[in-house]
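Asks: Chains as they are written, first to last, in our numbering: chain A, 1 to 302; chain B, 1001 to 1207.
Every residue gets a Cβ at the ideal spot worked out from N, C-alpha and C, and that includes glycine.
Quick one: this structure, given as structure tokens, is what I'll be asking you about.
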């Protein structure tokens, strides 16, 4: 953390047009994010919204009996506290720092006011929320179908994507908590360490060669990755300005090829034909304009 | 909206936004190997096609009609225009999406920690809440698909609940006979989602 911090290290802030960015800049305050710090509690009022730069925050769901389940992680790609602009002011989830570092904080009402102006910040935050939804849904699927090792690998890779180094400042115990199965997670971490996939050293996990992890990960990682790249492209500026120089280049190969087009391998054989038929009928309907219509009935119910 | 109709495919371009009235739509993620898992359901409390408003035009999930009925649909242009005015419509939509996020989160947690019976009851209650009656037209196969569990698991649970008089299951129709008992068998996840929807989208008009 010796390097000087800039809000532009957060990709959302970096993607803002200069005018909006400069308006927000005086309101952004650097905040240290110590390991394990609860950024916000379940159903607690969210006073500040955080844009991580070198830290990662885990969004957890805590069950009544205290069992946690990790649902998403937020790093330099995003923002912690989406409920502030989505509405409702609090969420039933909990945010905990899972890799120590820094973030830029802004008062909730300031961000909300800027969001309500519409424009680039709103568009960016909605796109981010949509990408976050994909991450959450993929976690739901992954929890259901994949092994602890696959889940852990997905989680490590998603974490690394949100950091500038290959070092996660965190403890085994915290990881275990996040995955909701302590014994299984610790056993798996030990196995991965033996296989040379990770190195665990006094409160930090180092990934010497991420290719080894990529070879073991489930499809969920690529899906989340592709969706973030699609919704929040880093190489193409969303608002027609030159991209800021501080953003970090990704060196990993683009894994998007799995998910482009109709992805027929993902769907039942009958589905593409149905989709095509639907597209045809949709084209017909589009000519009639934006009119509301009732589906599944010959005449309106009322 | 006939049972099993696919409103949109994973990764496909979304054409319409749907506002279900008497139908319920399931949002599923289908894996490469064909296994699926439900991530949320939308009925008369909400809409299908949030990606058209949020940005991105498509999602990696698939939307399937899980209870036949009706919906209103519209092309996204007019809705997006209203949304962009930043008034009541926008606030309402964002609140709905926030509630939807809660449902997805809860599903992720539920998948991790709860039994098939608890999940089945949660799913049944969330579905019935979105329907005008307490009857659900459904097959066990579809339920298994949605919950991402084996068919035998669902059949076992349905048979047991029927034996105890909590539900009636015949001819592909599930009727809840004792709602309080089904609620008692569901995990906490049902109440959490219900409460969050009530909090974010109370029945009174929003100003």
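Is there a Cβ from chain B that is less than 8 Å from the Cβ of residue 143 of chain A?
Replies: Closer than 8 Å: yes.
Asks: Contact between the segment 17-26 of chain A and the segment 56-64 of chain A is defined here as three or more beta-carbon pairs at a separation below 8 Å; is this criterion met?
Replies: Contact fails: fewer than three Cβ-Cβ distances are below 8 Å.
Asks: At 7 Å on the CB atoms, spell out the chain A contacts of residue 1104 of chain B, in chain order.
Replies: Under the 7 Å cutoff, chain A gives 133, 136, 137, 140.
Asks: Please state whether DSSP places residue 54 of chain A in a helix, a strand or coil.
Replies: Coil at residue 54 of chain A, not helix or strand.
Asks: Tell me which same chain residues have a C-beta within less than 6 Å of the C-beta of residue 114 of chain A, skipping the five on either side of it?
Replies: Result list for residue 114 of chain A: 121, in chain order.
Asks: Quick check on DSSP: helix, strand or coil for residue 1035 of chain B?
Replies: Reduced to three states, the DSSP call for residue 1035 of chain B is coil.
Asks: Rounding to the nearest angstrom, what Cα-Cα distance links residue 281 of chain A and residue 227 of chain A in this structure?
Replies: Only weak support exists for where residue 281 of chain A lies, its pLDDT of 45 falling under 50; the coordinates are left without a value.
Asks: Is any beta-carbon of chain A found at less than 8 Å from that of residue 1118 of chain B?
Replies: Residue 1118 of chain B does not count as touching chain A.
Asks: Below 9 Å on C-beta distance, what does residue 1139 of chain B contact in chain A?
Replies: Here the premise fails: no neighbours, minimum Cβ distance about 16 Å.
Asks: From residue 128 of chain A to residue 1110 of chain B, what does the alpha carbon distance come to, in whole angstroms?
Replies: Their Cα atoms are separated by approximately 24 Å.
Asks: Applying the 10 Å Cβ sphere with the 16-neighbour rule, what's the burial state of residue 149 of chain A?
Replies: When all chains shown are included, residue 149 of chain A counts as buried.
Asks: Can you grab the Cα-Cα spacing for the pair residue 306 of chain A / residue 1056 of chain B, in whole Å?
Replies: Residue 306 of chain A falls outside the range modelled here, since chain A spans only 1 to 302, and no answer is possible.
Asks: Could you please tell me which residues of the segment 60-71 of chain A, in chain order, have their CB closer than 8 Å to any CB of chain B?
Replies: Listed by position along the chain: 61, 63, 64, 67, 69, 71.
Asks: Secondary structure at residue 1041 of chain B, three-state DSSP: helix, strand or coil?
Replies: Reduced to three states, the DSSP call for residue 1041 of chain B is strand.
Asks: Among B:1160, B:1008, B:1116, which has the Cα closest to the Cα of residue 304 of chain A?
Replies: This structure gives no information on residue 304 of chain A, because the portion of chain A shown stretches from 1 to 302.
Asks: Report the neighbours of residue 1035 of chain B on chain A: residues whose CB is nearer than 9 Å to its CB, in chain order.
Replies: Within 9 Å Cβ-Cβ: 141, 144, 145.
Asks: Taking the alpha-carbon of residue 1112 of chain B as reference, which of A:44, A:183, A:142 has the nearest alpha-carbon?
Replies: With distances taken between Cα atoms, residue 1112 of chain B lies closest to A:142.
Asks: Considering only their Cβ atoms, is the gap separating residue 103 of chain A from residue 40 of chain A smaller than 8 Å?
Replies: Taking 8 Å as the Cβ cut-off, residue 40 of chain A and residue 103 of chain A do not qualify as a contacting pair.
Asks: Any idea if residue 18 of chain A is buried or exposed, counting beta-carbon neighbours within 10 angstroms, 16 or more meaning buried?
Replies: Residue 18 of chain A comes out exposed.
Asks: Would you list, in chain order, the members of the segment 90-109 of chain A that have their beta-carbon closer than 8 Å to a beta-carbon of chain B?
Replies: Taking 8 Å as the Cβ-Cβ cut-off against chain B, the residues of the segment 90-109 of chain A that qualify are 91, 92, 93.
Asks: Say whether the segment 1032-1046 of chain B touches the segment 1120-1137 of chain B, bearing in mind that this needs 3 or more beta-carbon pairs closer than 8 Å, one atom from each stretch.
Replies: Contact between the segment 1032-1046 of chain B and the segment 1120-1137 of chain B is present, because at least three Cβ pairs lie under 8 Å.
Asks: How far does the beta strand (DSSP E) with residue 201 of chain A in it reach, from first residue to last?
Replies: Run containing residue 201 of chain A: 199-201, per the beta strand (DSSP E) assignment.
Asks: Looking at C-alpha atoms only, which residue of B:1046, B:1088, B:1143 is the closest neighbour of residue 1122 of chain B?
Replies: Of the candidates B:1046, B:1088, B:1143, the one whose C-alpha sits nearest the C-alpha of residue 1122 of chain B is B:1143.
Asks: What residues in its chain sit with their C-beta under 8 Å from that of residue 277 of chain A, if we drop five residues either side in the sequence?
Replies: Unreliable placement is indicated for residue 277 of chain A, whose pLDDT of 46 sits below 50; no coordinate value is reported for it.
Asks: At a CB-CB cut-off below 9 Å, which residues of chain B make contact with residue 83 of chain A?
Replies: Here the neighbours are 1098, 1101.
Asks: Indicate the three-state DSSP secondary structure (helix, strand or coil) for residue 187 of chain A in the structure shown.
Replies: Here residue 187 of chain A sits in helix by DSSP.
Asks: In whole angstroms, what is the alpha-carbon distance linking residue 119 of chain A and residue 233 of chain A?
Replies: Approximately 18 Å between the Cα atoms of the pair.
Asks: Against residue 130 of chain A, what residues of chain B qualify as contacts under a CB-to-CB distance less than 7 Å, listed in chain order?
Replies: Correct list: 1051, 1054, 1055, 1056.
Asks: Using a Cβ-Cβ cut-off of 6 Å (strictly less than) and excluding sequence neighbours within five positions of residue 260 of chain A, which residues of its own chain qualify?
Replies: In this prediction, residue 260 of chain A has a pLDDT of 37, which is less than 50 and means its spatial position is unreliable; what the coordinates show is noted afterwards. Around residue 260 of chain A: no qualifying Cβ.
Asks: In the segment 212-226 of chain A, which residues sit with their C-beta less than 7 Å from some C-beta in chain B, listed in chain order?
Replies: Per Cβ criterion, the list reads 219, 223.
Asks: Who are the Cβ neighbours of residue 1059 of chain B in its own chain at under 7 Å, not counting the five residues just before and after it?
Replies: The answer, listed in chain order, is 1051.
Asks: Do you know how far the Cα of residue 215 of chain A is from the Cα of residue 1173 of chain B?
Replies: Distance between the alpha carbons of residue 1173 of chain B and residue 215 of chain A: 45 Å.
Asks: Please state whether DSSP places residue 277 of chain A in a helix, a strand or coil.
Replies: Caution is warranted here: a pLDDT of 46 is assigned to residue 277 of chain A, below 50, making its placement in the model unreliable, and the coordinate value is therefore given only provisionally. Note: residue 277 of chain A maps to helix in three-state DSSP.
Asks: Out of A:15, A:198, A:10, A:5, state which residue places its alpha-carbon closest to the alpha-carbon of residue 153 of chain A.
Replies: The option with the nearest alpha carbon to residue 153 of chain A is A:198.
Asks: Taking C-beta pairs closer than 7 Å, name the residues in chain A that residue 1061 of chain B reaches, listed in chain order.
Replies: 137, listed in chain order.
Asks: Please report the Cβ distance between residue 219 of chain A and residue 139 of chain A, rounded to the nearest whole angstrom; I am assuming they are in contact, meaning their Cβ atoms lie under 8 Å.
Replies: Between residue 139 of chain A and residue 219 of chain A the Cβ distance is about 13 Å, and since that is not below 8 Å, they are no contact.
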